[in-house]
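Residue numbers (the UniProt record's numbering): 1 to 265.
Note that CB positions come from ideal geometry on N, CA and C, so glycine has one too.
Quick caveat: nothing in here was measured; it's all calculated off a predicted structure.
Heads up: the structure comes next, in structure tokens.
As structure tokens, this is what we get:
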């Protein structure tokens with residue numbers, strides 16, 4: 001059952017926050033009444049949103065395990081949101097205990113929770129940063145303290161780019177992250193789509209998010225595929241999230257988005 005977070009700026013409570021709405025979809029407790037009300041409106045329009053959120057988390061876990069199995073030991077999770085079960089550091093260290101993980105989010109409340117809950121092991125940090133300002137993320141002292149850009153890095157942008165409008169040029173942000181990493185680095189990406197969704201429902205859903213902390217910008221298959229320019233997509237390519245390398249982990253298979261992993265050329 002959801003409950004009020006123990007702290008947070010009062011002005012943040014009145015406006016739905018997309019990270020806390022996602023936490024609610026996942027059954028978490030780090031959300032306010034406004035977040036739950038907005039999330040319930042989305043669930044009225046798309047009743048399987050909670051299941052789709054679980055499918056997205058399952059994709060993230062598989063992508064992280066894949067990267068670790070390829071030998072990548074550095075993970076930069078941008079738009080990480082609120083800590084929840086099956087975090088990146090938990091998943092990757094089951095494969096490679098020496099891995100280093102940096103969580104990045106633009107929401108100060110999400111970062112504060114992460115700092116409180118993450119292990120103080122010197123290999124896991126949470127920093128405040130915005131995907132739209134990749135150079136600031138890369139220059140952050142805590143990021144540079146854990147991430148060696150001379151070695152392969154797995155950059156994770158999972159369920160975040162659909163909150164960045166075209167006017168903010170998300171393609172340039174992803175391209176800058178690619179340019180900063182060496183060949184053999186990975187990009188793991190998931191993105192909401194309205195391909196196949198009723199137009200009326202899509203408009204209603206976007207209207208809810210326009211009153212939240214970030215607009216909702218679903219993109220088509222071709223638009224999502226553009227983010228992988230400069231990468232070689234690993235099999236099975238860009239697919240619905242449940243179809244990306246299923247490994248027997250239980251999942252309902254409902255997906256509202258596309259996902260894929262690319263290897264930097």
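Contact check, residue i vs residue j, beta carbons under 8 Å
| i | j | result |
| --- | --- | --- |
| residue 86 | residue 191 | no |
| residue 298 | residue 102 | Outside the modelled stretch of the chain, which goes from 1 to 265, sits residue 298, for which no answer is possible. |
| residue 213 | residue 16 | yes |
| residue 185 | residue 217 | no |
| residue 157 | residue 189 | yes |
| residue 66 | residue 261 | yes |
| residue 14 | residue 39 | no |
The beta strand (DSSP E) enclosing residue i, as first and last residue numbers
| i | result |
| --- | --- |
| residue 187 | 186-192 |
| residue 98 | It is not in any beta strand (DSSP E) - residue 98 carries neither H nor E in the DSSP assignment. |
Residue i to residue j span [Cα, whole Å]
| i | j | result |
| --- | --- | --- |
| residue 69 | residue 123 | 19 Å |
| residue 8 | residue 111 | With a pLDDT of 47 at residue 8, under the threshold of 50, the modelled position of that residue is not reliable, and the figure given next carries that caveat. Distance between the alpha carbons of residue 8 and residue 111 is about 11 Å. |
| residue 46 | residue 236 | 27 Å |
| residue 133 | residue 173 | 7 Å |
| residue 120 | residue 91 | 17 Å |
| residue 226 | residue 255 | 20 Å |
| residue 49 | residue 88 | 22 Å |
| residue 203 | residue 118 | 37 Å |
| residue 180 | residue 243 | 30 Å |
| residue 125 | residue 195 | 36 Å |
Three-state class that DSSP yields for residue i in the structure shown
| i | result |
| --- | --- |
| residue 78 | strand |
| residue 126 | strand |
| residue 262 | strand |
| residue 238 | coil |
| residue 233 | strand |
| residue 104 | strand |
| residue 36 | helix |
| residue 46 | coil |
Enclosing alpha helix (DSSP H) for residue i [first to last residue]
| i | result |
| --- | --- |
| residue 154 | Residue 154 -> not in any alpha helix (DSSP H); beta strand (DSSP E) instead, spanning 154-158. |
| residue 145 | 141-146 |
| residue 50 | 49-69 |
| residue 224 | 221-225 |
| residue 254 | Where residue 254 is concerned, there is no enclosing alpha helix (DSSP H), given that its DSSP letter is neither H nor E. |
| residue 197 | Segment: none, residue 197 is in no alpha helix (DSSP H) and carries neither H nor E. |
| residue 179 | 170-180 |
| residue 20 | 18-25 |
| residue 111 | 108-117 |
| residue 133 | Here residue 133 belongs to no alpha helix (DSSP H), and DSSP marks it neither H nor E. |
Counted within 10 angstroms of its Cβ, other Cβ atoms place residue i as buried (16 or more) or exposed
| i | result |
| --- | --- |
| residue 55 | buried |
| residue 200 | exposed |
| residue 283 | Coverage of the chain is limited to positions 1 through 265, which leaves residue 283 absent and any answer about it impossible. |
Beta carbon proximity, residue i to chain C, threshold 8 Å
| i | result |
| --- | --- |
| residue 16 | Of the protein chains in the structure, only one exists, and it is not chain C. |
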